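Below is one structure, written out as structure tokens; the observations come after it.
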Amino acid sequence: MADYAVFATPDFDPNEYANAILAADSADYKGPAKVSSTTKVTAQESIPKEDISFAITKLSHNIEDVSKQIRNLITVHHEDLLTQASNASTLSGTLTSVQVGLNDLDASVEKLRAKVHVPYTTLQTLVARLQRIHQASDLLRRSSRFVTLARRLQTQMNEIKGIKVGSSATDELATATVMHGKDIRDEKERAIAKAALSIAELGALVDGSDDRDKEAESEDTGVALLSVNVVAAQLPFIEEAKVTITSEMESMVLKGLATLNQTLLASSLQTAFNLRILPNLVQNLLSDLSMAVEDRIRNTLDINRISKEVTAKEPAGNASQGPQMYRSRVRTEPTNVTAPQFLSALWSRLETMFQEMADCCIKVYALEKVLKMKKDTISHTVFLDEAMKVLENTPTATFWTLLSRSLQKHFQDSSKASSFLQQTLINGYPKLVRLFHEFFAKISVHTDTTYTDTAQSPETILLLRSLSTLEAQYLAKTTNKVNDAVGQAFSGSSRSPPGTNEGMNVARIIVNELDAARFDPLLVRAVAKSSATALDGILSRLEPLIATDRTAYSLIGGTALPQQIGNASLANFMYQLWVRLSKLDEEHSAAVVGIMKPSIQNIFRVLESVVNALSSAIRREIGAIIIKLHRIDFSKPMDANAGMGGASLYIKELTDKMAFIKNEIVGRYNLGEYGRNWVISIVQHVIRSFVLHISIVCPLGESGKLQMASDMTGLEFALSSFLAESQNKRGGSLESVGKEYRALRAMRPLFFLEDKELASSSHTAGLPPLIVLHHILVRSPIPLPHKLHGWQEAEYVRWVDEHSEEEAWTLIEGGLTHWEKVSESEGRDTSKAQALLRPQNIRAFASTAHVRTENGSQKPPQPPKPIDDSTSALDYKRSHRIRPPPLPATDLPRSRSAEEAVTNILYNTPPPSLQPFKKHILNCLVQNEPGVLSRVSGILAGRGFNIDSLVVCRTEIRDLSRMCIVLSGQDGVVEQARRQLEDLVPVWAVLDYTETRVISRELLLAKVSILGPEYLEEQLIGGPTHDPRKAIGDSQETSKLEREAALAQNFERSAHPEANFPPITPSQALRLKHQHLHSISTLAKQFGAKIVDVSEHSVIVELTAKTTRVEAFLSLLKPFGILEAARTGLMAMPRTPIKGEEDENAPAEEVGGVDASLLPPG
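Start counting the sequence shown at 1; every next residue gets the next number (UniProt numbering).
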């Protein structure tokens, strides 16, 4: 078929094809598009060249050939052609039958349409007729109902008017005579409610909104009810009845509110609900009441009305004054003469205003109460829910809001319009608030409003906020009054500081202002806040005036310095403030006291700081005088020039100093009871210090005892004089001092007791056991504690004053033990220390006194408070007063040279200690907070300690950390440092584990070379990677400085190794690694260590053991070549002892475990 494709193309042109055939071969023909002008020219040129007959013959032959091929094709496909022709004839017949069926269907449809259309048209006509009948029936029904309701309404209106249908006047009179007035009223109220319901139903029928016609609301009735003549004729009567019922309902509402008759009010509201006007009625009532109150407030605060009222009363009262008084035509502001009349008129009008406000408020609450309780009997609708359809809030809330706005608006406007009203309302603000209190009290009977010191209703707070402007101005006036008094007190600056009178004046003004506002809980709190602010301002002005330099506490000279006089005046000022304001809790509530208390406490704190600083200076000065008694030799006869029985010079100096202190210093402080207690505390300290000093005077002879008795008598006279002037009429009795004075009186006979009488409690009554122990040691050859430890007398007295008696007894026991050991080692004769003076008896006496005190007044240790901050450690240490034994005795050399003795006498310096230096382990339990480590290390560095190791870590207790410190030093010096560490605020406890059985461990990480020691230097030069490298200049030996420089340089360039330093050969490295790694592993197993990291040229070994074992392991690793080593330091924990049956009866060792009571919680 490809040969005939040319003939099948749609653009085949036989003429062009024939020309192409004639011109050339048929194979050259490519279609009409391919035949160009060149081809045509060639054919034309070839025509004369060829024989035309030959071409025609050739063409005929080809035509025949084509004809043969067509015949062959027809022969082959003739059956298919016949089949298709047969199918076409069959399809034509089928289509003809379908056409016939469609024609039949059209005819059936036309017949069916004719059968349906006629009944439908008939039915539509019947439906329209039925609808008209239904409309007429509905109109008749509604008309009938309207007529029925109209007749019922007419009957009800007749009942309301008192006319009974079908009854005569005689019957009506008889009925009215029988019925009571109340029953008549109730019947009328019910009739009004029924009539209102009938009117509402009639209106619904007329408007087409009857509930019974809900199904027909969406349909068009076509005929309105008003189009019926009967209905239209009844409309005037219905409107007239509606007006009558509405008028009756309004009068019932007003009467019910006026008389607070809930039954009448409920009936009127029911009538309004039936009339469908309940929401509008409630809204109008609230509006009328609010407007009435607002008008009353406006008229009350109208200065023109007040002026007219005063002017109207003036002629009658002022007729006798004659024409001399001047009268102005328009007088809106009062004059000096008419001011009282204006004030009286204003407050009377305000009282009337609050009375009317209370009446309106009670009416609103009565209305809301009925609305809440009343429900419709048919629909069960709550009247309050019905009224809330037009109200934004409940009636009472709406009324309170409107009332508050009216009060705020008119108070502000009247204050701006009249200066008289502004001044009167500000000055009389407490009186105005009292009127509010009376208002709240009146309405509280009928409402749920409360206004007390403990509870205030929200509506009362809302109403009082309307006076915020006046309250602010009143508080400003109060603050100015206090500030004026304060400014007047501080007007003299530092030259004339405030004193007692100024303090009393300021305190009186503050108390008066608080008393004036005491009746109102909110006002008194506001006044208290302003007063507290004023006190803070006073404190800020006081602090710069208080002198804190040395001259303020210098007690040298015959008169007081200006700084001391100024401090005394300021202290008197603060005392008057504190003593008067601290009594506020007796008259005011806890809330007011809570506001004022911080400021009052701050003032008292500053007062205490001034008094305490002066007390410290007095104690130092008196202590410096008392210490001079140790310069007197009481073992020798008295000086004849001093006189027999006379007091010593230090007592005379003490007497003069105390007289100066009393007259010039303390006498200027008028502090009342607080000052008397202060003076007594000074006397107690003097006696306590004097008794301690004379109890350690050694040696003491008979003449010295007599001199002591004279000194004590002189001291009593001085103290009695010191007390006499301070107690005014009470006299100078020292009995008020207490146990200190009894100890002073008991000290005199103590000097003259026999040795055997010292152990008798009857002979030493009134004396502390420690004083008796001191006197026993004075009589015995046993050295006193301060001499044993190389302390001065003043240092020992200060130590005893700062520590408890238990610690002092422990100190004495330690001294006795040390004296026994030294005496036995030196072979001294202890025959003089027999009987009562034996150290064992002294120890027993101290132990007995210790037990007696424990069983008496001392309380058992209490558990500490929870850990909150660093001050928790202070509470813990304060609750655990029992501390470890005192400082150990220092070993003195057995013999001293003359030079050492002279040095000790001249400089009072003890000889150096011979105790050896040894390692101490201190375990510190501290608060986990910043700065603790620096404070601990600063204490140790200040005493010259070098910390060998320090480990700090957190514990299982929150906010508690543990420090394990290892250092070297003498026992006494380390113990002093330990106590100083324990005195730090964030430190809970410091334990010395030196003599305690502990478990101590230290962690070691060591990086060891596995190439051998010959490559150690090259690995160190290699930097952090420890790669072996060749050193520069192998033939020359470098110095240490050069090696360190090369090491630092290689550390910097370790990331880029130089090509000039190649490593050792692989075979050598492999052989060395295997040998050394095996040796290091064996050594680690023997010590219990383990290899935790293996690298190409080194390994890291981990060991946890004692310090000695760690050092031994390091020394064994050193030959391999240690590249790096890191140690954590020592960590220690005491062992828990396990006691058997034999150990229970065994005596406890002196060096045992750590006292568990010293440990913090957990």
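Quick reminder that beta carbons are idealized off the backbone N, C-alpha and C, glycines included. Since the structure is predicted, the reported quantities are computational estimates derived from the model, not experimental observations.
8 Å Cβ cutoff, residue i in contact with chain D
i: His-1078; result: Any reference to chain D falls outside this structure, which holds one protein chain only.
Status (buried if at least 16 other CB within 10 Å, exposed otherwise) for residue i
i: Thr-377; result: exposed
i: Thr-9; result: exposed
i: Arg-962; result: buried
i: Lys-1007; result: buried
i: Ile-618; result: buried
i: Ile-70; result: exposed
i: His-1074; result: exposed
i: Gly-942; result: exposed
i: Val-337; result: exposed
i: Met-747; result: buried
i: Asn-103; result: exposed
i: Thr-175; result: Unreliable placement is indicated for Thr-175, whose pLDDT of 45 sits below 50; the coordinate value is still reported in the next sentence. Its Cβ having fewer than 16 others within 10 Å, Thr-175 is exposed.
i: Ser-379; result: exposed
i: Asp-207; result: exposed
Through-space distance from residue j to residue i, alpha-carbon basis
i: Ile-661; j: Pro-521; result: 48 Å
i: Val-100; j: Ile-133; result: 51 Å
i: Phe-12; j: Leu-91; result: 36 Å
i: Glu-294; j: Ala-532; result: 38 Å
i: Ser-307; j: Leu-301; result: 11 Å
i: Phe-1113; j: Pro-916; result: 28 Å
i: residue 1185; j: Gly-503; result: Outside the displayed span of the chain (1 to 1162) sits residue 1185, for which this structure offers no information.
i: Leu-346; j: Ser-406; result: 18 Å
i: Val-35; j: Leu-59; result: The predicted position of Val-35 is uncertain, since its pLDDT is 41 and thus under 50; no value can be drawn from it.
i: Asp-801; j: Ser-695; result: 14 Å
i: Ala-263; j: Leu-384; result: The residue you asked about is not Ala; residue 263 is Thr in the sequence shown. About 16 Å.
i: Pro-14; j: His-78; result: 28 Å
i: Val-230; j: Glu-201; result: 17 Å
i: Ile-687; j: Ile-595; result: 42 Å
i: Val-822; j: Ser-733; result: 49 Å
i: His-789; j: Gly-815; result: 9 Å
Sub-8 Å separation of residue i and residue j beta-carbons
i: Leu-403; j: Glu-351; result: no
i: Leu-1003; j: Asn-923; result: no
i: Ser-268; j: Val-282; result: no
i: Asn-280; j: Ala-193; result: no
i: Leu-197; j: Phe-146; result: no
i: Gly-766; j: Ala-743; result: yes
i: His-693; j: Ile-627; result: yes
i: Leu-773; j: Ile-812; result: yes
i: Ile-999; j: Ala-1105; result: no
i: His-1097; j: Ile-965; result: no
i: Ala-358; j: Phe-439; result: yes
i: Thr-396; j: Glu-368; result: yes
i: Ala-507; j: Gln-576; result: yes
i: Ala-560; j: Leu-607; result: no
i: Ala-195; j: Leu-153; result: yes
Candidates the options, of which the one nearest residue i by Cα
i: Val-486; options: Gly-537, Gln-1019, Thr-381 and Thr-548; result: Gly-537
i: Ile-556; options: Glu-824, Glu-621, Ser-721 and Arg-495; result: Glu-621
i: Leu-535; options: Ile-603, Leu-523, Gln-124 and Thr-401; result: Ile-603
i: Val-524; options: Glu-459, Ala-591 and Ile-461; result: Ala-591
i: Gly-944; options: Val-952, Val-973 and Asp-959; result: Val-973
i: Val-370; options: Asn-572, Ala-266 and Ser-406; result: Ala-266
i: Tyr-1015; options: Pro-544, Arg-1127 and Ile-1122; result: Ile-1122
i: Ser-1095; options: Ser-733, Pro-340, Leu-1070 and Met-388; result: Leu-1070
i: Leu-542; options: Ser-530, Asn-512, Ser-491 and Val-579; result: Ser-491
| query | Taking contact to mean at least 3 C-beta pairs separated by less than 8 Å, is the segment 700-713 in contact with the segment 678-689? | reply | Pairwise C-beta distances place the segment 700-713 out of contact with the segment 678-689, as fewer than three of them are shorter than 8 Å.
| Can we say the segment 357-369 touches the segment 442-449, given the rule of at least three CB pairs closer than 8 Å? | Judged by Cβ distances under 8 Å, the segment 357-369 makes contact with the segment 442-449, as three or more pairs qualify.
| query | With contact counted as at least three CB pairs below 8 Å, one residue from each stretch, are the segment 647-658 and the segment 707-727 in contact? | reply | Three or more beta-carbon pairs drawn from the segment 647-658 and the segment 707-727 are found closer than 8 Å, and the two stretches are therefore classed as touching.
| message | Contact between the segment 463-481 and the segment 542-558 is defined here as three or more beta-carbon pairs at a separation below 8 Å; is this criterion met? | response | Taking a cut-off of 8 Å on C-beta distances, the segment 463-481 does not touch the segment 542-558, as fewer than three cross pairs fall below it.
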